[in-house]
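Read the structure below first, then the notes.
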Amino acid sequence: MGFDDFREKILIPEEKPYIFLRGNGKGRTTIVWDAETTSNNLESATIRVQASNFIAFGISFKNDAEVGAPWSGAAQNQSVAAFVAADRVAFYHCGFFSAHNTLFDYRGIHYYENCYIQGSIDFIFGHGQSVFHSCEIFVVGDNRVEIGGSITAQNRESEEEDSGFVFIKGKVYGTFGVYLGRAKGAFSRVIFAKTYISKTVVPLGWTNWSYHGSTSNLYQAEYHCHGPGSATQGRAKWARQLTKEEAAPFLSIDYINGKEWLPAYQVYDL
Numbered sequence: 001m002g003f004d005d006f007r008e009k010i011l012i013p014e015e016k017p018y019i020f021l022r023g024n025g026k027g028r029t030t031i032v033w034d035a036e037t038t039s040n041n042l043e044s045a046t047i048r049v050q051a052s053n054f055i056a057f058g059i060s061f062k063n064d065a066e067v068g069a070p071w072s073g074a075a076q077n078q079s080v081a082a083f084v085a086a087d088r089v090a091f092y093h094c095g096f097f098s099a100h101n102t103l104f105d106y107r108g109i110h111y112y113e114n115c116y117i118q119g120s121i122d123f124i125f126g127h128g129q130s131v132f133h134s135c136e137i138f139v140v141g142d143n144r145v146e147i148g149g150s151i152t153a154q155n156r157e158s159e160e161e162d163s164g165f166v167f168i169k170g171k172v173y174g175t176f177g178v179y180l181g182r183a184k185g186a187f188s189r190v191i192f193a194k195t196y197i198s199k200t201v202v203p204l205g206w207t208n209w210s211y212h213g214s215t216s217n218l219y220q221a222e223y224h225c226h227g228p229g230s231a232t233q234g235r236a237k238w239a240r241q242l243t244k245e246e247a248a249p250f251l252s253i254d255y256i257n258g259k260e261w262l263p264a265y266q267v268y269d270l
């Protein structure tokens, strides 16, 4: 792909594994569409990845539907930039742009490296078992809610489910107050490790929002984060500050069996 915007929707169907999609950089090659929904996130997605062993490099995926702050009358419309629903999917140096529900990390093991993810409400969500390494997360305003929402809405529903989002050595910043995550499932699991957290993140850090069950099952955690929004005082009472031993399983590429399928990955240190 060249230096341009491509206005289209893309489907990588289940029967087409081992596709490699390459652009000229996340600031130079963009696939964009404008679709919104109040009920079917799948149908609004600019790209749908439903085949295993898919890799994208140097491309931005954008949904520029008119939702969010400038369109506050748009109810709770969602506009997905990418829907990822297969095993062994990796994105390198890619961008994901939208407002509400930007990245639908639906299911499977996934790896995101040096990516840029922008949104306002629940903009990384789903059942995925995924590592986000050295990714930038930028929060944009949305005046439909007093606090702009949450970065993550991870949907792990049982103790036996392996899913969870792990953010390592990234950066969280933006223009509007936000939570690191909300509990979308009863066993929601999200870890931010060695990440720069700006004042964009509110002191409470985490929320159970519309989940009204026991918070003892939630695994909303941080490990050795830094920056003005990383202070542990005032965090939600169930939020965890991990020890080195507790963090170790999530900071290994083995968390997503990466040595078996990734062409390249970062080596972590504790």
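Residues in the sequence shown are numbered consecutively from 1, following the UniProt record's numbering. All residues carry an ideal CB built from backbone N, CA and C; glycine is no exception. Treat the numbers as computed from the prediction; the structure is a model and nothing was measured.
TODO: For the alpha helix (DSSP H) containing E136, list its first residue and its last residue.
DONE: Within the sequence shown, residue 136 is the residue found at index 136, counting from 1. From DSSP, E136 is part of no alpha helix (DSSP H) but of the beta strand (DSSP E) over E136 to V139.
Open item on the list: Please state the DSSP three-state secondary structure of I19.
Closed with: By 1-based counting over the sequence shown, the position of residue 19 is 19. If DSSP states are grouped into helix, strand and coil, I19 belongs with coil.
- [ ] Can you say whether N63 is buried or exposed, counting buried as having 16 or more other CB atoms within 10 angstroms of its CB?
- [x] As a working mapping, residue 63 is identified with position 63 in the sequence shown. Buried is the call here.
Open item on the list: Could you pull the DSSP bridge partners for W238 from this structure?
Closed with: By one-based count along the sequence shown, residue 238 stands at place 238. Paired residues: none, contrary to the question.
Open item on the list: Using the three-state DSSP reduction, which class does E113 fall into: helix, strand or coil?
Closed with: Walking along the sequence shown from the start, residue 113 turns up at place 113. DSSP places E113 in strand when its eight states are reduced to three.
- [ ] For K237, count neighbouring Cβ atoms within 10 angstroms of its own Cβ and tell me buried if that reaches 16, exposed if not.
- [x] Counting from one through the sequence shown, the residue named residue 237 turns up at place 237. Label assigned to K237: exposed.
TODO: Give me whichever residues DSSP pairs with R88 in a beta bridge.
DONE: Taking the sequence shown and counting its residues from 1, the one referred to as residue 88 is at position 88. Answer is none; R88 lacks a bridge partner.
TODO: Sort D254, S130, P203 and F123 by Cα distance to G227 and report the nearest one.
DONE: As a working mapping, residue 227 is identified with position 227 in the sequence shown. Minimum Cα distance to G227 is reached at P203.
TODO: Closer than 6 Å by C-beta to P17: which residues in its own chain qualify, once you throw out the five before and the five after it? Chain order, please.
DONE: In the sequence shown, residue 17 corresponds to position 17, counting from 1. Excluding positions up to five away in sequence, the list reads A51, S52 and N53.
Task: Contained beta strand (DSSP E) runs [length at least 3] in the region 25–64, N- to C-terminal order - done: 29–33, 47–49, 54–57 and 60–63
TODO: Report all residues from its chain with a CB closer than 6 Å to the CB of A221; omit the five preceding and five following residues, and keep chain order.
DONE: Mapped onto the sequence shown, residue 221 falls at position 221. The residues are I191, R240 and L242.
Task: the region 90–102 touching the region 162–174, judged by at least three CB pairs closer than 8 Å - done: no
- [ ] Hey, could you find the ends of the beta strand (DSSP E) K171 is sitting in?
- [x] Position 171 of the sequence shown, counting from 1, holds the residue named residue 171. Per DSSP, K171 belongs to the beta strand (DSSP E) from K171 to G174.
Open item on the list: On the DSSP bridge list, what partners appear for H100?
Closed with: For the purposes of this step, residue 100 is taken as the residue at position 100 of the sequence shown. According to DSSP, H100 bridges with I121.
TODO: Could you check what DSSP says for G222 in three-state terms: helix, strand or coil?
DONE: Position 222 of the sequence shown, counting from 1, holds the residue named residue 222. Before going on, a small fix: residue 222 reads as Glu here, not Gly. Strand at E222.
Task: Distance CB(G58)-CB(A85) smaller than 8 Å - done: For this step, residue 58 is matched to residue 58 along the sequence shown. For this step, residue 85 is matched to residue 85 along the sequence shown. No; because the gap between Cβ atoms is not below 8 Å, this pair is not in contact.
Task: Those residues which DSSP pairs with R182 across a bridge - done: The residue given as residue 182 occupies position 182 in the sequence shown. Per DSSP, A153 and T207.
- [ ] Tell me whether the beta-carbon of Y255 lies closer than 8 Å to the beta-carbon of V131.
- [x] Translated into the one-based positions of the sequence shown, residue 255 becomes position 255. Translated into the one-based positions of the sequence shown, residue 131 becomes position 131. Yes, these two residues count as a Cβ contact at 8 Å.
- [ ] List the residues that DSSP assigns as beta-bridge partners of V190.
- [x] The residue you call residue 190 lines up with position 190 of the sequence shown. F165 and Q220.
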